[in-house]
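Below you'll find the structure, written out as structure tokens, and then a few comments.
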Amino acid sequence: MDRVHAPHEITFNLDGEPLSGQEFHIEVLPGALRCRLPPDCPLLR
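The working numbering applies: residue 1 is where the sequence shown begins, and numbers increase by one.
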């Protein structure tokens with residue numbers, strides 16, 4: 001888990017719910033997010 005510190009308040013939209021703050025704890029889990037990308041997207045290479 002990592003901490004993200006911002007010099008000013010930022011807002012994330014989490015599943016339709018806005019969350020604002022200057023410090024966030026973020027954990028990235030492999031395969032946890034499903035994304036819809038176009039077939040020619042460079043991220044798919």
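No residue lacks a Cβ here, since even glycine has one placed at the ideal position from N, Cα and C.
{"Check": "VAL4 to GLY21 span [Cα, whole Å]", "Outcome": "10 angstroms"}
{"Check": "Beta-carbon proximity list for GLU23, same chain, < 6 angstroms, skipping 5 on both sides", "Outcome": "HIS5"}
{"Check": "Distance, ASP40 Cα to ILE10 Cα", "Outcome": "32 angstroms"}
{"Check": "Three-state class that DSSP yields for PRO18 in the structure shown", "Outcome": "strand"}
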